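Take a look at the structure set out below.
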Amino acid sequence: MLFLSYLVYGQKPDTTVSLREALLLAEKNYPLLKSKYYESEAAKKDVALSRNTIIPSLDLSYQANLATYNNITGMLDPSGIFPISGPPSAENKYQPVFGSAAGFSMNWQAITFGHRDAQTAYATAGVNQKESDSKMELFRHLAKVTNTYLDVALAKQLIAINQKNIKRVEFALIQSRTLTSKGLKPGVDTALFQSELSKSKIELLNATEKFETQKILLSQFLAVNEAINTKDSLFFEKFPQAHAAISSDFSSHPYISYPKSILEYSLAKEKLIKRSYLPKINIWSTAYARGSGIKYDGTVKASDGLGFSRFNYGLGFQIVYPILKFSDKNIQIQQQSLMTQSIQQKVEENLLILDKKDQISQLTYNNAYLIATETATQLQSAQYAFKAMQIRYNTGLVNFSDLIQAQYNLLKAETDSQQSYWYIWKALLNKAVTKGDINIFLNELK
């Protein structure tokens, strides 16, 4: 037993937390939840950027060059070629001169006929989608933490049950040796009890391994380095009292809110497509100065090109309207409309699944109560039968097989009793997940 005690208690002390503390740790530490938060914050920047399009662009520029000035009359596609201003040259001259220019240009998309507002609405819908995704992932993770916390709590109880069973077998082994030494029992009984003791120790080792594994898994979901142990013992002391069925309105369920946010995002994109093909009115203005090493009369003084000699300004507006893009517009709108309908059907599917899961969870919850009632009777009967069988074995009225069967029945009854508590709390958690509200479960811990 010293070796087994070391396995269970001789390791580094665990961090013991309540379920509520575990949920807070998970929400604070888990990397995926942080990732979802940063995605939401990044999406908010898209909203700010779309609103910033109301601000005009103002560009300042300066350039200087050293180049020849041989020009010719005629059309030219300037792609990859730097054109030269001025009249055509009588001949080629290869002595370069300086040139310079500086100025600013302002461009303001003043009127967009709703395109800017549609772009902002589209970006806002993107934020809502990311936030809904974040809430759904948080809800899913908290449910996962709660589920694993219950598994750790049960594994802890099963270790205690196996330790108690080992003590029973050790006591029976001592009694068997005493009765054998007095000639009241055959020597084989002692060997059989020794075998049962080894079996019980193996079961304890297996239970301990499962307990340690579940603790590590829980620490993973909490994103902490140390192993986590459970604090709440309420799970195995009373049953939850949430008997009444709760409203089947799933409109605020995270598994519905998220696809609905995708639906709203798709609708916003439809509106944006429609607005993108409307006219746009741009207002522009410019002012600039130029310098050249060539005078108006053709004389050359190369260094004068670094200074400015001509100054200009301008102001105007431009209307842009994609006249021949109606076909593209209609195809894009139809395409996005089909995507919207697809998303709507996914929402309907989720509603259908949740409705059926709600019915199953209620059935499971009710059945868990019935099982728990029976396991209480099973445990009481098994305890009574084992005590009676011990007395009958010691008085020689029954053999080893009868006693060990009673012991097996007691071990199973103790295990079933703890599992029935665990099962009903799991059923309540399943119900809370189906309803989309983890507080349905947490409120039972008050």
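Residue numbering for the sequence shown follows this note's numbering, starting at 6 and increasing by one per position.
Virtual Cβ for every residue (Gly too), placed ideally from N, Cα, C.
Only a predicted model underlies this, so the values are computations on that prediction, with no experimental measurement involved.
- Query: When DSSP builds the beta bridges, which residues end up paired with Ile171?
  - Reply: When DSSP reads this structure, Ile171 sits in no beta bridge, so it has no partner.
- Buried or exposed: where does Glu275 fall if 16 or more other Cβ atoms within 10 Å of its Cβ makes it buried? Around the beta-carbon of Glu275, 16 or more other beta-carbon atoms lie within 10 Å, marking it buried.
- Message: Which of the three DSSP states is assigned to Phe109 in this structure?
- Response: Three-state result, Phe109: strand.
- For Tyr99, does the count of other Cβ atoms within 10 angstroms reach 16, so buried, or fall short, so exposed? Flag for Tyr99 reads exposed.
- Item | Boundaries of the alpha helix (DSSP H) in which Gln383 is found, first to last residue | That run of the alpha helix (DSSP H) goes Phe331 to Asn399.
- Message: If you follow the alpha helix (DSSP H) that Ser40 is in, where does it begin and where does it stop?
- Response: Per DSSP, the unbroken alpha helix (DSSP H) holding Ser40 starts and ends at Pro36 to Arg56.
- Task: Kindly examine the ligand MN and report whether one of its heavy atoms sits closer than 7 Å to the Cβ of Asp237.
- Result: Of ligands this structure carries none, so the ligand MN is not represented either.
- Item | Thr458 in three-state terms, based on DSSP | Residue 458 lies beyond the stretch modelled for the chain, which goes from 6 to 451, so this question has no answer here.
- Quick one: Cα of Lys3 to Cα of Ala212, how far? The displayed coordinates of the chain run from 6 to 451. Any statement about residue 3 would go beyond what the structure contains.
- Excluding the 5 residues preceding and the 5 following Asn75 in the sequence, name in chain order all residues of the same chain whose CB lies nearer than 7 Å to its CB. Result list for Asn75: Ser94, Asn97 and Lys98, in chain order.
- Burial state of Gly15, where buried means 16 or more other Cβ atoms lie within 10 Å: Residue placement at Gly15 is poorly supported in this model, since its pLDDT is 48, which falls under 50; the coordinates still yield a value, given next. Exposed, by the Cβ-count rule.
- Task: Mind checking which residues open and close the beta strand (DSSP E) that includes Gln68?
- Result: For Gln68, the uninterrupted beta strand (DSSP E) segment begins and ends at Ser62 to Ala72.
- Own chain partners of Leu65 with C-beta closer than 7 Å, once the 5 adjacent residues on each side are dropped: If we look at Leu65 and ignore the five residues flanking it on each side, its Cβ neighbours are Phe109.
- Message: Spatial neighbours of Ala158 within its chain, please: C-beta separation below 6 Å, excluding the five flanking residues on both sides.
- Response: Answer for Ala158: Thr235 and Phe240, listed in chain order.
- Nearest CA to the CA of Asp309: which residue from Tyr370, Arg295 and Ser55? The closest CA to that of Asp309, considering only Tyr370, Arg295 and Ser55, is found on Arg295.
- State yes or no: is the C-beta of Ala115 within less than 8 Å of the C-beta of Ile286? Pairing Ala115 with Ile286 gives a Cβ-Cβ distance under 8 Å.
- Query: Which of helix, strand or coil does DSSP assign to Thr291?
  - Reply: Three-state result, Thr291: strand.
- Task: Just grab the DSSP bridge partners of Ile324 for me.
- Result: Looking at the DSSP output, Ile324 shares a beta bridge with Ile286.
- Message: In whole angstroms, give me the CA-to-CA distance for Gln346 and Leu38.
- Response: Rounded to whole angstroms, Gln346 and Leu38 show a C-alpha spacing of 30 Å.
- So, do the region 426–444 and the region 401–418 have three or more beta carbon pairs nearer to each other than 8 Å? The region 426–444, when compared against the region 401–418, does not touch it at the 8 Å Cβ threshold.
- Query: What are the boundary residues of the alpha helix (DSSP H) that includes Asn211?
  - Reply: Secondary structure note for Asn211: its alpha helix (DSSP H) is the uninterrupted segment Gly192 to Leu227.
- Item | Ala95 (DSSP reduced to helix, strand or coil) | Reduced to three states, the DSSP call for Ala95 is coil.
- Look at Val52 and Thr125 and say whether their C-beta atoms are less than 8 Å apart. Contact: yes.
- Within this structure, are the beta carbons of Phe103 and Ala307 separated by less than 8 Å? If you check the CB distance, Phe103 and Ala307 come in under 8 Å.
- Message: Out of Thr195, Leu343 and Glu32, which one is the CA nearest neighbour of Thr268?
- Response: The residue asked about is misnamed: residue 268 is Leu in this sequence, not Thr. For Leu268, the closest alpha carbon among the candidates Thr195, Leu343 and Glu32 is that of Leu343.
- Task: Tell me, please, which residues DSSP counts as bridged to Val438.
- Result: According to DSSP, Val438 shares a beta bridge with no other residue.
- Query: Nearest-angstrom Cα distance between Leu359 and Glu175?
  - Reply: Per the coordinates, the alpha-carbon of Leu359 lies some 51 Å from the alpha-carbon of Glu175.
- Query: What is the DSSP secondary structure of Asn444, reduced to helix, strand or coil?
  - Reply: The answer is helix: DSSP assigns Asn444 an H, G or I state.
- Should Pro259 be labelled buried (16 or more other beta-carbon atoms within 10 Å of its own) or exposed? Burial is judged here by how many other beta carbons sit within 10 angstroms of a residue's own beta carbon; Pro259 has at least 16 and is buried.
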